[in-house]
Amino acid sequence: MELILQRIAQKRDYTIGRLSIANEIGLARFCDTLEPPVVANNRNQPKAVPAGRYAVAVTWSPHFRRWLPLLLHVPYREGIRIHAGNTVHDTAGCILVGQNLVVGKVLNSASTLDRLMQRIRGRADGEPLYITIQG
Numbered sequence: 041m042e043l044i045l046q047r048i049a050q051k052r053d054y055t056i057g058r059l060s061i062a063n064e065i066g067l068a069r070f071c072d073t074l075e076p077p078v079v080a081n082n083r084n085q086p087k088a089v090p091a092g093r094y095a096v097a098v099t100w101s102p103h104f105r106r107w108l109p110l111l112l113h114v115p116y117r118e119g120i121r122i123h124a125g126n127t128v129h130d131t132a133g134c135i136l137v138g139q140n141l142v143v144g145k146v147l148n149s150a151s152t153l154d155r156l157m158q159r160i161r162g163r164a165d166g167e168p169l170y171i172t173i174q175g
């Protein structure tokens, strides 16, 4: 299974993207995403994940107390997950999923994450999981 995150709005304080799932006929748009800015305003501010293709494992998150996607081999970073949240204050560099209905936020994040986890769990046994981040 291949997830494609296309960043569509890189702002000073946040980044909005569109998450799609690749299938036989192309890309099926799934949801919106929210990340920190691609270029941090200061050293203490988290940054978005560098563009590229990453293997993803679904592992137990002690912090969130649930199974969540974990991006593997992100340069100079670890613990980067896809999880629920509404604003950049809810992420330390991870990818939040939801619907971008309000400027700089994603809403309906918990239900969107549940739907994404259903899709991930529904993939064929042994099928690898990847995310490609563009922009």
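Quick note: the sequence shown uses our numbering, first residue 41, plus one each step. Each residue gets a CB set at the ideal place from its N, CA and C atoms; glycine is no exception.
- In the same chain as residue 108, and ignoring 5 residues on each side of it, the C-beta atoms closer than 6 angstroms to its own belong to 101, 121, 123, in chain order.
- The beta carbon of residue 67 lies closer than 8 angstroms to those of 44, 60, 61 in the same chain, with the five residues before and after it left out.
- Taking C-alpha positions only, residue 145 is separated from residue 132 by approximately 15 angstroms.
- Beyond the five residues adjoining it in sequence on each side, residue 114 comes within less than 8 angstroms, by CB distance, of 89, 90, 94, 120 in the same chain, given in chain order.
- For residue 52, there is no enclosing beta strand (DSSP E), as DSSP marks it with neither H nor E.
- Following the DSSP letters along the chain, one finds residue 154 in no beta strand (DSSP E) but inside the alpha helix (DSSP H) bounded by residues 149–161.
- In the DSSP secondary-structure assignment, residue 138 is bridged to 72.
- Boundaries for residue 175: no beta strand (DSSP E) harbours it, and the DSSP string shows neither H nor E there.
- The three-state secondary structure of residue 123, taken from DSSP, is strand.
- By the neighbour-count criterion, in which 16 or more other beta carbons inside 10 Å mark a residue as buried, residue 118 falls on the exposed side.
- Contact between residue 160 and residue 169 holds, with the beta-carbon distance rounding to 6 angstroms and staying under 8 angstroms.
- If you look at residue 98, you'll find it in the beta strand (DSSP E) that goes 92–101.
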